[in-house]
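A quick write-up on the structure given underneath.
Protein chains: 2
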Amino acid sequence: MRAIGPEAAPDLRLPRYLQIRDDLMRRICARAWSDGQPLPAEDRLAGEFEVSVGTVRKALQVLVAEGMLERIHGKGTFVTRAFERISMMRFVRFSEEERRELPTTRCLNLEVGDGPPEARTRLGLAAREKLLSIHRTRACGKEVILSEHVWLSHKRFAPLEAYLKKESPPLLYPVYDSLCGVLVSRAMDELTMVPLPARDARVFGLAAGTPAIRIERLMTDPSEQPIEWRVSYVTQARFHYAIESR
Amino acid sequence: MRAIGPEAAPDLRLPRYLQIRDDLMRRICARAWSDGQPLPAEDRLAGEFEVSVGTVRKALQVLVAEGMLERIHGKGTFVTRAFERISMMRFVRFSEEERRELPTTRCLNLEVGDGPPEARTRLGLAAREKLLSIHRTRACGKEVILSEHVWLSHKRFAPLEAYLKKESPPLLYPVYDSLCGVLVSRAMDELTMVPLPARDARVFGLAAGTPAIRIERLMTDPSEQPIEWRVSYVTQARFHYAIESR
DNA sequence: GAGTGGTCTAGACCACGGT
DNA sequence: CCGTGGTCTAGACCACTCA
Chain G
1 MRAIGPEAAP
11 DLRLPRYLQI
21 RDDLMRRICA
31 RAWSDGQPLP
41 AEDRLAGEFE
51 VSVGTVRKAL
61 QVLVAEGMLE
71 RIHGKGTFVT
81 RAFERISMMR
91 FVRFSEEERR
101 ELPTTRCLNL
111 EVGDGPPEAR
121 TRLGLAAREK
131 LLSIHRTRAC
141 GKEVILSEHV
151 WLSHKRFAPL
161 EAYLKKESPP
171 LLYPVYDSLC
181 GVLVSRAMDE
191 LTMVPLPARD
201 ARVFGLAAGT
211 PAIRIERLMT
221 DPSEQPIEWR
231 VSYVTQARFH
241 YAIESR
Chain D
1 MRAIGPEAAP
11 DLRLPRYLQI
21 RDDLMRRICA
31 RAWSDGQPLP
41 AEDRLAGEFE
51 VSVGTVRKAL
61 QVLVAEGMLE
71 RIHGKGTFVT
81 RAFERISMMR
91 FVRFSEEERR
101 ELPTTRCLNL
111 EVGDGPPEAR
121 TRLGLAAREK
131 LLSIHRTRAC
141 GKEVILSEHV
151 WLSHKRFAPL
161 EAYLKKESPP
171 LLYPVYDSLC
181 GVLVSRAMDE
191 LTMVPLPARD
201 ARVFGLAAGT
211 PAIRIERLMT
221 DPSEQPIEWR
231 VSYVTQARFH
241 YAIESR
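Listed in order, the protein sequences are those of chains G and D. The opening position of the first sequence corresponds to residue 1 in the UniProt record's numbering, with each subsequent residue numbered one higher. The opening position of the second sequence corresponds to residue 1 in the UniProt record's numbering, with each subsequent residue numbered one higher.
Rendered as structure tokens:
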């Protein structure tokens, strides 16, 4: 997906329908049509862009394929809200219990600072930029099943700091959208097996060095900008990861 | 993806372009165009189906989106061969070394019988149907990194039995295609951590019960029929699984 | 140059959702 | 009923590949 800046001019070398797609994308990201309000109808857009309806349709089809828009026959074309796009658990892939019932979440630590170098690299942060570091646990009943570290650009996620001091939402992605206007779009997961670090071992009540699964995740937004770096640990007994691919 | 039988008649209630898509799909599965031979050009197909070129284009676009066809500007429209679709290691995601160099594969056991009930269930096999069971190892150099059990319908994969008695190909999916005419299209993986069963422990030279990652995989063909059930074990030290999702 | 797919037009008619 | 998107047509011109 192309990155579209706020004042991007259309790339005239592109086919017209892709220029229109880029323009619409920019306006979608700028929240031009929100809260269930439909986009202008095809013929209006065709008039605005001074192309035929077919060309507008092609631009809209691309955005539908990219998951940005939904079209409802007889009603209109709508922006797919991030909350729906996540469809609750789109990127949540752990045990069955977790799927039936969201685990309770507790925030153990929340700080602003330099953070680990690896997180800075992954997020592509500038030298002076601060990082928001979050350490959370997820538990089913009384049993802690996941120890999770999240790193975010403090600049981009400034409102989150105050929010997380009061609330412990089970899922962060909808909050990224509603609070910080950040849509998540792609996840890259990497699983390895490692000895449990001491601070994570403590939350499970286990000895440091106990074998555990480490799940790294880099999330990007629709412009392919990295937005979140996450490292989770799960103990072997509770480990369950399911994925479908084509 | 809709299941298309060999003598399926088009569903007249469907839009014309989907009827055409179904018809082309049936012919693709019947190997109407193979070995890099292109499909007839758009205008030929339009003539054959007695529709306009635009309608044929729409059918072709659907098949491209489904990964069945590839279109090359100026050359033609081609069936995406399973071998390319798998892109060598599409579902094989272990260490970096393996990515650079295919692991050597050894077949330890090959038999035809009832197989385990779970494999029968997953493959949706009829009561009397026989199962082809394969136990293989994959090694980098002398170190065995994977113990792999594969179950297939013996009826559908009959030619494979004789072939595997002589050959140990590093990847089975291209053989499924070339030998048995079976295209793989979708994989569902499920990862858990379990004690190593005795027969798998032996191939690693480890004690039974050593913790290991178990990877279950159900593969389906383009008609969503299950074709392969696979259970692999990897030792914790060599475990590395990477996945991207949207 | 011949043949292919890629883009685009300016219409047509239909099916669906709400009034 | 009107306005929406869904399907389809019969062309046009362009860009790419290969002989």
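Every residue gets a Cβ at the ideal spot worked out from N, C-alpha and C, and that includes glycine.
Asked: Please list the segments of the beta strand (DSSP E) lying wholly inside the region 174 to 223 of chain G, counting only runs of 3 or more residues, in order along the chain.; Found: 186 to 195 and 211 to 220
Asked: Please report the straight-line C-alpha distance between arginine 217 (chain D) and glutamate 48 (chain G), rounded to a whole angstrom.; Found: 50 Å
Asked: Quick one: any contact between the region 99 to 118 of chain D and the region 134 to 146 of chain D, if contact means 3 or more CB pairs under 8 Å?; Found: yes
Asked: Since phenylalanine 204 (chain D) and serine 147 (chain D) should fall inside the 8 Å C-beta cutoff, what is the C-beta to C-beta distance between them, to a whole number of angstroms?; Found: 7 Å
Asked: Quick test of your reading: alanine 119 (chain G) and tryptophan 229 (chain G), contact by CB under 8 Å. State the CB separation rounded to the nearest angstrom.; Found: 5 Å
Asked: Name, please, each residue of chain D whose Cβ falls closer than 7 Å to the Cβ of proline 211 (chain G).; Found: Pro211 and Gln236
Asked: Are there three or more Cβ pairs, one per stretch, closer than 8 Å when the region 185 to 200 of chain D is compared with the region 149 to 157 of chain G?; Found: no
Asked: Return helix, strand or coil for threonine 105 (chain D), following the three-state DSSP convention.; Found: strand
Asked: What is the rounded straight-line gap between the Cα of glutamate 7 (chain D) and the Cα of leucine 24 (chain D)?; Found: Residue placement at glutamate 7 (chain D) is flagged as unreliable, the pLDDT there being 48, under the threshold of 50; a coordinate-derived value is accordingly withheld.
Asked: Exposed or buried, which one is valine 112 (chain D) when buried takes at least 16 other CB atoms within 10 Å?; Found: exposed
Asked: Relative to the C-alpha of arginine 156 (chain G), which residue among G:Val184, G:Leu191 and G:Ile227 is closest?; Found: G:Ile227
Asked: Among the residues of its own chain, which have a CB less than 7 Å from the CB of lysine 58 (chain G), if the five just before and after it don't count?; Found: Tyr17
Asked: Look at the Cβ atom of proline 222 (chain G), then the Cβ atom of leucine 183 (chain G), and state whether they are nearer than 7 Å.; Found: yes
Asked: Could you check the C-alpha separation between alanine 242 (chain D) and aspartate 189 (chain G) for me, to the nearest Å?; Found: 6 Å
Asked: Starting from the Cα of glutamate 224 (chain G), find the closest Cα among G:Tyr233, G:Pro195, G:Ser185 and G:Ile72 and give me that residue.; Found: G:Ser185
Asked: If isoleucine 20 (chain G) sits next to valine 64 (chain G), beta carbons under 8 Å apart, how far is it from one beta carbon to the other, in whole angstroms?; Found: So it is not a contact: roughly 14 Å between Cβ atoms.
Asked: Name the chain D residues whose beta carbon is nearer than 9 Å to that of phenylalanine 239 (chain G)?; Found: Leu191, Thr192, Met193 and Ile213
Asked: Could you check which residue in D:Pro169, D:Gly124 and D:Ser232 has the C-alpha nearest to that of leucine 196 (chain D)?; Found: D:Ser232
Asked: So, at 6 Å on beta carbons, what are the nonlocal neighbours of leucine 110 (chain G) in its own chain, with the 5 sequence-adjacent residues on each side left out?; Found: Ile134 and Leu164
Asked: In three-state terms, what does DSSP make of serine 87 (chain D)?; Found: Because the pLDDT of serine 87 (chain D) is 39, which lies under 50, any placement of that residue in the model is unreliable, and the number read from its coordinates should be weighed accordingly. If DSSP states are grouped into helix, strand and coil, serine 87 (chain D) belongs with coil.
Asked: What residue from D:Arg27, D:Val62 and D:Ser34 has the CA that sits closest to proline 15 (chain D)'s CA?; Found: D:Val62
Asked: Does the Cβ-Cβ distance between leucine 179 (chain D) and leucine 206 (chain D) come in under 7 Å?; Found: no
Asked: Measuring alpha carbon to alpha carbon, tell me which of D:Thr121, D:Leu123, D:Pro38 and D:Ile145 ends up nearest arginine 71 (chain D).; Found: D:Pro38
Asked: The beta strand (DSSP E) that contains histidine 244 (chain D), what's its start and end?; Found: The question names histidine, but residue 244 (chain D) in the sequence shown is glutamate. Residues 240 to 245.
Asked: Looking at the secondary structure, which residues open and close the alpha helix (DSSP H) in which alanine 126 (chain G) lies?; Found: Taken as a continuous stretch (DSSP letters only), alanine 126 (chain G) belongs to no alpha helix (DSSP H), as it is neither H nor E.
Asked: On a CA-only basis, which of D:Ile145, D:Ser245, D:Leu108 and D:Arg128 is nearest glutamate 167 (chain D)? Give me that one, please.; Found: D:Leu108
Asked: To which residues of the same chain is valine 144 (chain D) closer than 6 Å at the C-beta, ignoring the five residues directly before and after it?; Found: Thr137, Val203 and Phe204
Asked: What's the C-alpha gap between threonine 77 (chain G) and arginine 26 (chain G)?; Found: 16 Å
Asked: Can you find the residues in the same chain that come closer than 6 Å, C-beta to C-beta, to valine 234 (chain D), ignoring five residues on each side of it along the sequence?; Found: Leu146 and Ile213
Asked: Bridge partners for threonine 235 (chain G) per DSSP, in chain order?; Found: G:Ala212
Asked: Give the straight-line distance between the Cα atoms of threonine 220 (chain D) and lysine 130 (chain G), rounded to the nearest whole angstrom.; Found: 46 Å
Asked: Have a look at G:Glu42, G:Ser34, G:Leu132 and G:Gln236 and flag the residue whose alpha-carbon is nearest the alpha-carbon of glycine 181 (chain G).; Found: G:Ser34
Asked: Once you ignore the five residues that flank glycine 209 (chain G) on each side, which residues in its own chain have a CB closer than 8 Å to its CB?; Found: Pro195, Leu196 and Ala201
Asked: Name the one or two DSSP bridge partners that cysteine 140 (chain G) has.; Found: G:Glu143
Asked: Expressed to the nearest angstrom, what Euclidean distance is found between the alpha-carbon atoms of valine 51 (chain G) and arginine 122 (chain D)?; Found: 51 Å
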